[in-house]
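Protein chains in written order, with the working numbering: chain E, 5 to 131; chain V, 77 to 168.
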Amino acid sequence: MIAPLELTREILAAAAMVGGTFFMIVTGLGLLRFPDVYTRMHAAGKAGTIGVALLILAPVFFFAGSEPFVSFRGVLAIVFQFITTPAATYLLAHACYATRYPTHAGTALDELGRWMPVVPDEDFGEE
Amino acid sequence: MSPWFAWVTQSCLLGLFGAALLCLYRILVGPGAADRAVAFDTLSAIVIGMICLLCILWESSLYFDAVWILTLVGFLGSAAVARYLARGRLFP
Numbered sequence: 005m006i007a008p009l010e011l012t013r014e015i016l017a018a019a020a021m022v023g024g025t026f027f028m029i030v031t032g033l034g035l036l037r038f039p040d041v042y043t044r045m046h047a048a049g050k051a052g053t054i055g056v057a058l059l060i061l062a063p064v065f066f067f068a069g070s071e072p073f074v075s076f077r078g079v080l081a082i083v084f085q086f087i088t089t090p091a092a093t094y095l096l097a098h099a100c101y102a103t104r105y106p107t108h109a110g111t112a113l114d115e116l117g118r119w120m121p122v123v124p125d126e127d128f129g130e131e
Numbered sequence: 077m078s079p080w081f082a083w084v085t086q087s088c089l090l091g092l093f094g095a096a097l098l099c100l101y102r103i104l105v106g107p108g109a110a111d112r113a114v115a116f117d118t119l120s121a122i123v124i125g126m127i128c129l130l131c132i133l134w135e136s137s138l139y140f141d142a143v144w145i146l147t148l149v150g151f152l153g154s155a156a157v158a159r160y161l162a163r164g165r166l167f168p
C-alpha cells in the first residue's frame, strides 16, 4: 500500500510531465508546419516556454520532501527560462526584421515597416 | 516509484524524442540561419525537459543543476546568432 502523500506527489508530477510533453510536441509541429520564420518564432516562444516550465515543475513535485533544494533550483530554472526565452526570441525577430528576412507570401499587413525603414549597408555599424 | 508512474515517465521521454526529431528536421532543412537558431533554441529546451525526466526516472537530483545552467547557455547561443545576423560579425 502506497502512502497517500507519495501518491499525491506522483499524480502531480505525472500531470506536469504529460502537459509539458504535449506542449513540446505542439512546438515541434509548429516548427515543422509554419511557413515563415516569424510564425515559427511564435510557436517556439510561447508553447516552448510553457512546456519547459511544466517539465521543470515535474521533478519539483516528485522530489518534494525527499531531496533538499530541488524546489529552489527548479523555481530558479523556471524564472531563468521565463526571462531568457522571450528575450532571445525578441532579439532574433528584431535581427531578422532589420535585415529584411523574407516573410510568407500571404502576409497582409506590415505595420512595423513605417517605423523601421530599410537600413543601408554603410550604416551597419562602424568599422 | 509505482509502476504506472515509471510507465508515464518513459512515455513522456518517447514523446520528447519525437519532438526533438521534428526540431532536428528543421535544423537540417531550414531555409535560413534564423530558422536554425529558433529550432536550436527549442531543441535545447527539449534537452532540458529530458534531463528533468531522467532525474525522475533515476530518482536522483544529481543532474538537476544542469537544468538551469543549460537555460543560460541556450540563451547565449541564441543571442550570439541574433547579433551575427544583425551586424554581420560577432565581436565589434
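Using N, Cα and C, we set each Cβ at its ideal position, and we do this for glycine too.
Any beta carbon of chain V sitting closer than 8 Å to that of residue i?
i, result
"M21 (chain E)", "yes"
"A7 (chain E)", "no"
"L36 (chain E)", "yes"
"P39 (chain E)", "no"
"E126 (chain E)", "Legend: pLDDT at E126 (chain E) = 48, less than 50; position of this residue unreliable, value from coordinates given subsequently. No, E126 (chain E) does not count as interfacial toward chain V."
"L116 (chain E)", "no"
"A3 (chain E)", "The requested residue 3 (chain E) does not occur in the structure, where chain E is confined to residues 5 to 131."
By the DSSP assignment, the alpha helix (DSSP H) with residue i in it spans what residues?
i, result
"H14 (chain E)", "The question names His, but residue 14 (chain E) in the sequence shown is Glu. First-last of the alpha helix (DSSP H) with E14 (chain E): 8-37."
"S154 (chain V)", "141-163"
"D40 (chain E)", "Premise fails: D40 (chain E) is in no alpha helix (DSSP H) and is neither H nor E."
"D111 (chain V)", "109-134"
"A112 (chain E)", "Unbroken run through A112 (chain E): none, as it is neither H nor E."
"A68 (chain E)", "Unbroken run through A68 (chain E): none, as it is neither H nor E."
"R77 (chain E)", "74-102"
Whose Cβ in chain V lies nearer than 9 Å to the Cβ of residue i?
i, result
"R77 (chain E)", "S137, F140, D141, V143, W144"
"A18 (chain E)", "W80, F81, V84, T85, C88"
Chain E beta carbons: is any one of them nearer than 8 Å to that of residue i?
i, result
"L92 (chain V)", "yes"
"V84 (chain V)", "yes"
"R114 (chain V)", "Note on identity: in this sequence residue 114 (chain V) is Val, with Arg being the wrong assignment. So, interface residue."
"F151 (chain V)", "yes"
"L133 (chain V)", "no"
"L98 (chain V)", "yes"
"L166 (chain V)", "no"
Going along chain V in order, which residues have a C-beta closer than 8 Å to the C-beta of residue i?
i, result
"M120 (chain E)", "Neighbours of M120 (chain E) on chain V: none; closest Cβ ~12 Å, over 8 Å."
"I54 (chain E)", "Those within 8 Å of I54 (chain E) in chain V number zero; the least Cβ separation is about 11 Å."
"T12 (chain E)", "Within chain V, no residue comes near T12 (chain E); the closest Cβ sits about 12 Å away, beyond 8 Å."
"L95 (chain E)", "S154, A155, A158, R159"
Less than 8 Å between the CB atoms is what I'm expecting for residue i and residue j, so what's the real figure, rounded?
i, j, result
"L114 (chain V)", "R44 (chain E)", "Note on residue identity: the sequence assigns Val, not Leu, to residue 114 (chain V). Correct: roughly 5 Å between the Cβ atoms."
"A81 (chain E)", "S75 (chain E)", "Between S75 (chain E) and A81 (chain E) the Cβ distance is about 11 Å, and since that is not below 8 Å, they are no contact."
"Y105 (chain E)", "V41 (chain E)", "6 Å"
"A110 (chain V)", "L161 (chain V)", "6 Å"
"F85 (chain E)", "V56 (chain E)", "Reading off the sequence shown, one finds Gln at residue 85 (chain E), where the question assumed Phe. Confirmed, Cβ separation roughly 6 Å."
Check whether the Cβ of residue i lies closer than 7 Å to any heavy atom of the ligand GTP, and answer yes or no.
i, result
"E10 (chain E)", "What this structure holds is no ligand at all, so the ligand GTP is not there to describe."
Starting from the beta carbon of residue i, find every residue of chain E whose beta carbon is closer than 8 Å, and list them in chain order.
i, result
"L104 (chain V)", "Going along chain E, no residue has its Cβ under 8 Å from L104 (chain V), so there is no contact; the nearest lies around 12 Å."
Please list, in chain order, the chain E residues whose beta carbon lies closer than 9 Å to that of residue i.
i, result
"L148 (chain V)", "F84, T88"
Applying a beta-carbon distance threshold of less than 7 Å, which residues of chain V neighbour residue i?
i, result
"T31 (chain E)", "A95, T118"
"L80 (chain E)", "W144"
Q) Relative to chain B, which residues along the region 61-77 of chain E have a C-beta separation below 7 Å, given in chain order? A) Of the chains in the structure shown, none is chain B; the protein chains are E and V.
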